[in-house]
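Residue numbers (the working numbering): 14 to 377.
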Ligand SMILES: Nc1ncnc2c1ncn2[C@@H]1O[C@H](COP(=O)(O)OP(=O)(O)OP(=O)(O)O)[C@@H](O)[C@H]1O
Ligand SMILES: [Mg+2]
């Protein structure tokens with residue numbers, strides 16, 4: 014116990030010295046940004062008040078005709094999706110990280126760089142204004158994945174810091190102690206245990222049952238039950254975003270799908286519920302692991318402070334179902350942040366304003 018106290022005091026000392034260290038905040042000319050580069054959507058929150066979300070798609074016009082129609086510049090987000098038949102559509106991130114391509118042309122890195130540039134353009138920095146940005150990465154992203162994220166900001170930001178996404182959510186909420194953050198994204202679900210210091214690998218768990226997984230399960234179930242209906246994964250994702258739920262009782266969810274070109278009404282209630290529920294068992298396992306390996310004196314406080322964030326946390330009834338699942342762990346309290354989609358970028362922005370210079374990587 015004494016050892017633990019000493020260690021705690023040391024950590025306190027470390028955090029005090031961090032607090033007093035020089036930050037970029039003295040650079041009054043600078044623009045600070047928090048960027049959550051996600052598998053599904055990318056979010057920027059800037060110190061000038063700009064907040065934007067862009068679906069993480071980049072579209073490169075396919076040929077001369079497409080260029081005549083769309084211009085020769087890449088398209089982003091909704092615009093890229095809208096013209097997906099005329100562009101080579103790139104989704105640069107999968108499972109929360111920028112994917113390396115086999116061909117060596119690194120189209121995903123190029124697309125991610127363009128996406129960061131686009132986000133920054135939306136943040137409207139003044140000409141010549143230095144820009145310092147914190148970018149979120151999955152809780153246990155590899156060193157290589159973090160390096161490639163840094164590369165995505167090269168030539169765009171003046172300095173960059175990569176930080177664990179669930180930790181940035183916690184930092185944004187001002188919750189740094191005895192809480193468990195669960196960020197349910199598209200590619201990954203990221204858990205992070207907070208205990209008053211920077212989390213280490215042991216405090217974090219990442220698994221890839223998240224929004225994309227739910228979409229695939231939902232698509233499989235609809236196809237199995239209604240082999241004739243025609244749909245794309247984007248249609249499935251939209252239905253989930255409009256109706257996603259996990260509760261036993263719910264209004265029927267009837268949607269229209271084309272069958273041989275004609276719209277037909279289909280009841281997808283059971284399939285959608287089952288797909289959305291896929292998130293729960295691995296989440297309970299991960300919660301059990303993070304709580305079970307924590308100081309026994311504080312386990313109860315941790316159990317009662319579980320916070321959900323990320324787009325996938327918006328499924329109706331999810332906090333309650335996780336609470337039910339936690340009964341076998343001794344119970345718990347689960348709530349959802351107010352702004353699930355912005356929580357990561359808000360926290361990254363707050364961190365950008367406060368983190369000492371030694372934590373940053375200068376890019377120019
Ligand atoms: N209302 C909703 N109900 C259910 N799921 C939703 C809802 N809104 C968004 N989603 C899902 O949330 C996911 C996107 O969340 P988010 O933007 O946090 O992910 P991301 O940061 O892009 O992904 P990752 O963190 O894995 O890189 C998508 O799978 C999306 O379909
Ligand atoms: Mg995310």
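Ideal Cβ positions, reconstructed from N, Cα and C, are used throughout, including at glycine.
Where does residue i sit, in a helix, a strand or coil, going by DSSP?
i: residue 301; result: helix
i: residue 372; result: helix
i: residue 48; result: strand
i: residue 278; result: strand
i: residue 106; result: strand
i: residue 272; result: strand
i: residue 85; result: coil
i: residue 65; result: strand
i: residue 129; result: helix
i: residue 35; result: coil
i: residue 295; result: helix
i: residue 98; result: coil
i: residue 266; result: coil
i: residue 240; result: coil
i: residue 72; result: strand
i: residue 322; result: strand
i: residue 220; result: strand
i: residue 260; result: coil
i: residue 43; result: coil
i: residue 28; result: Reliability of the predicted coordinates at residue 28 is poor, the pLDDT of 41 falling under 50, and no value is obtained from them.
i: residue 14; result: Its pLDDT being 39, under 50, residue 14 is placed unreliably by the model, and nothing is read from it.
Mind checking residue i: buried by the 16 CB within 10 Å criterion, or exposed?
i: residue 216; result: buried
i: residue 253; result: buried
i: residue 339; result: buried
i: residue 378; result: Any answer about residue 378 is impossible in this case: the structure gives the chain only from 14 up to 377.
i: residue 178; result: buried
i: residue 203; result: buried
i: residue 375; result: exposed
i: residue 250; result: buried
i: residue 131; result: buried
i: residue 267; result: exposed
i: residue 255; result: exposed
i: residue 41; result: exposed
i: residue 116; result: exposed
i: residue 142; result: exposed
i: residue 27; result: For residue 27, the predicted model reports a pLDDT of 37, less than 50, meaning its position is unreliable; a value from the coordinates is still stated below. Looking at its Cβ environment, which holds fewer than 16 other Cβ atoms inside 10 Å, residue 27 is exposed.
i: residue 306; result: exposed
i: residue 61; result: exposed
i: residue 39; result: exposed
i: residue 84; result: exposed
i: residue 74; result: buried
i: residue 206; result: buried
i: residue 137; result: exposed
- So, do the segment 179-190 and the segment 280-288 have three or more beta carbon pairs nearer to each other than 8 angstroms? By the Cβ criterion, the segment 179-190 is not in contact with the segment 280-288, since fewer than three pairs of Cβ atoms, one from each stretch, lie closer than 8 angstroms.
- Query: Does the segment 346-366 come close enough to the segment 143-154 to have 3 or more Cβ pairs within less than 8 angstroms?
  - Reply: Here the segment 346-366 lies against the segment 143-154, with 3 or more beta-carbon pairs under 8 angstroms apart.
- Which full runs of the alpha helix (DSSP H) of 4+ residues lie inside the segment 137-218, going along the chain? Qualifying alpha helix (DSSP H) stretches, in chain order: 156-166, 178-186.
- Task: With a cut-off of 5 angstroms, give the chain-ordered residues whose Cβ is closer than this to any heavy atom of ligand 2.
- Result: For ligand 2, the residues with a Cβ under 5 angstroms from any of its heavy atoms are, in chain order, 51, 198.
- Query: Is the number of C-beta pairs between the segment 226-235 and the segment 208-215 that are closer than 8 angstroms three or more?
  - Reply: Taking 8 angstroms as the limit for Cβ pairs, the verdict is that the segment 208-215 does not touch the segment 226-235.
- Query: Is it a yes or a no for the segment 316-328 touching the segment 338-346, going by three-plus beta-carbon pairs under 8 angstroms?
  - Reply: With the cut-off at 8 angstroms, the segment 316-328 and the segment 338-346 touch.
- Task: Would you be able to state if there are at least three C-beta pairs under 8 angstroms between the segment 98-111 and the segment 79-89?
- Result: With a cut-off of 8 angstroms, the segment 98-111 and the segment 79-89 count as touching, because enough Cβ pairs lie within range.
- Message: For a minimum of 4 consecutive residues, which ranges assigned as the alpha helix (DSSP H) are wholly contained in the segment 332-374?
- Response: List check, alpha helix (DSSP H) in window: 356-367.
- On the three-pair Cβ rule with 8 angstroms, is the segment 43-57 touching the segment 358-377? Output reads yes: the segment 358-377 touches the segment 43-57.
- Assess, as a yes-or-no matter, whether the segment 112-128 is touched by the segment 158-171 under the definition of 3 or more beta carbon pairs within less than 8 angstroms. Counting C-beta pairs closer than 8 angstroms gives three or more between the segment 158-171 and the segment 112-128, which meets the contact rule.
- How do the segment 295-305 and the segment 232-244 stand: do at least 3 beta-carbon pairs fall below 8 angstroms, yes or no? In this structure the segment 295-305 does not lie against the segment 232-244, because fewer than three pairs of beta carbons, one per stretch, are closer than 8 angstroms.
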